[in-house]
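*Asks:* After the structure tokens below, expect a handful of questions from me.
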């Protein structure tokens, strides 16, 4: 564990000496994550991508990738492209990445069950903006918009998300 890691603690997400309030999955933390359980998976997860809405914010870092209309994330275990970004139209279950609400205006992508997904083990765990303080996610980690932006700007290619089994 290094200061460049994001570490989930009982009081929030610690990064570079600061702790940010956050929300986790409605299913708590799990060592046996599966699709649809609402749990945040325990473990050490690399940050493998940074996505942003160019129509709503400036590019946060030079390695951030803009979300385009039609960008989707496959969350259907039957899909050959399960747990990958896909484009509309898409014949399998998916999540829209360009949402009407601001939840995915800025998204950190982890390597949970990626790049070779095991069907049913759960689709990507994102770090994204929260709906409101304390509102649980479907398994992702969510933060206040300005905190998420500060974290995104402080990341480097060695940064990881560390989720211990906390009993939170």
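Residue numbers (the working numbering): 9 to 176.
Just so it is clear, CB atoms sit at the ideal spot from N, CA and C, and this is done for glycine as well.
1) Given a cut-off of 7 angstroms on the beta-carbon distance, is the pair residue 144 and residue 34 in contact?
2) Residues in its own chain within less than 8 angstroms of residue 24 by CB, not counting five upstream and five downstream?
3) Whose CA, out of 151, 116, 95 and 133, lies closest to the CA of residue 60?
4) Determine the direct distance from the alpha carbon of residue 76 to that of residue 149, and round the result to whole angstroms.
5) By the DSSP assignment, the alpha helix (DSSP H) with residue 154 in it spans what residues?
6) Which class does residue 103 belong to by DSSP, given the choice of helix, strand or coil?
7) Helix, strand or coil, according to DSSP, for residue 16 in the structure here?
8) Quick check on the DSSP output: what are the complete alpha helix (DSSP H) runs of length 4 or more inside the region 18-71, in order along the chain?
9) With distance defined between alpha-carbon atoms, name the residue in 81, 63, 121 and 91 nearest to residue 103.
10) Assuming contact is defined by CB atoms lying nearer than 7 angstroms, are residue 54 and residue 168 in contact in what I supplied?
11) What's the C-alpha gap between residue 32 and residue 108?
12) In the DSSP assignment, the beta strand (DSSP E) including residue 80 goes from what residue to what residue?
*Replies:* Checking against the coordinates, here is how it stands:
1) yes
2) 11, 12 and 162
3) 116
4) 23 angstroms
5) 153-162
6) strand
7) strand
8) none
9) 81
10) yes
11) 22 angstroms
12) 79-82
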